[in-house]
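See below for the structure under consideration.
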Amino acid sequence: MNYIIALLLGYGLGCINPAYFFAKAKGFDIRTRGTMSAGASNAKTTMGWKYGIFCALYDALKSVLAMFIIQKLFPGSNDATILAGCSAVIGHIFPFYLNFKGGKGFAAYIGMVFAINWKLGLILLAIGAILSLLTNWVVMATLTFILSFPIYNIVTHAQPITIISSVIVSLVILYKHIINFRRLLNKEEIGINGKHVGIKLKKQ
């Protein structure tokens, strides 16, 4: 029962999407502009930094809130707590009232990792930021988190359901970022410096 409640609560909180509602208030559907995604990065692109920062913070905190509530309802049930965080990320990506077309879930994912282990979160954030600056690829920060978190759960001998749920949600986020890798291959991705960047393939 605690797993079911964790899934439903996390998904419900994750579905609340400020980027979509802010854009609606301004008279447009955020999924039709910019990167076509209802998330914090596109909120920044289509509405400015103020909206982007607010949406990023909110998206991160909704995972934290879901995990906090489950932890209070079921003390000691760490697997249910992490399941709630993963479910919040899924809710952000696939909100039912938006025909399951939401954001990419990275901010919510970061919030989940910080809620589980803030030291790990800071380390991954620092590594991701450094790699992104060195490569000029924003997506490097995403890869740092989604590759490291499942490995962390395996190394720390987490419960099987925790490992499985972390792998699934990481794969979903990877899938949602395939478009970014395609843009890199086509040298159409926007880098940290605001210019187009791409992957340079060596000629055979």
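Heads up: the sequence shown begins at 868 in our numbering, then just goes up one per residue. Using N, Cα and C, we set each Cβ at its ideal position, and we do this for glycine too.
C-alpha distance - residue i paired with residue j, whole-angstrom precision
i	j	result
Leu950	Ser1032	7 angstroms
Leu1068	Thr948	Because Leu1068 carries a pLDDT of 46, less than 50, the predicted location of this residue cannot be relied on, and no value is offered for it.
Leu1001	Asn869	43 angstroms
Val956	Ala1008	17 angstroms
Asn1047	Leu1041	10 angstroms
Thr899	Ile994	33 angstroms
Ile871	Tyr878	11 angstroms
Ala1025	Phe895	43 angstroms
Lys911	Ile1021	35 angstroms
Phe935	Leu924	16 angstroms
Trp916	Ala996	18 angstroms
Residue i versus the options, residue with shortest Cα-Cα distance
i	options	result
Gly906	Val980, Lys968, Leu1001	Lys968
Pro962	Phe895, Ser904, Phe1048, Ile1028	Ser904
Lys1043	Thr1029, Phe973, Lys1054, Ile1028	Phe973
Asp946	Lys893, Ile1030, Cys882, Val1039	Ile1030
Ser954	Ile983, Ile997, Cys882, Lys911	Cys882
Leu880	Ala975, Ile920, Tyr918	Ala975
Trp1004	Ala982, Ile1028, Lys1054, Asn984	Lys1054
Arg1050	Leu965, Ala996, Val1006, Lys917	Val1006
Beta carbon of residue i nearer than 8 angstroms to that of residue j
i	j	result
Met979	Ser1037	no
Gly952	Ala927	no
His959	Gly943	no
Phe1012	Ile977	yes
Tyr1019	Leu987	yes
Thr913	Ala890	yes
Leu991	Ile937	no
Cys922	Ala886	yes
Ile897	Asn909	yes
Residue i in three-state terms, based on DSSP
i	result
Lys971	coil
Asn869	helix
Lys911	helix
Thr1023	coil
Arg1049	helix
Trp1004	coil
Gly881	helix
Lys893	coil
Ser999	helix
Gly978	helix
Pro1017	helix
Arg898	helix
Lys1054	coil
Met903	coil
Ser944	coil
Phe961	coil
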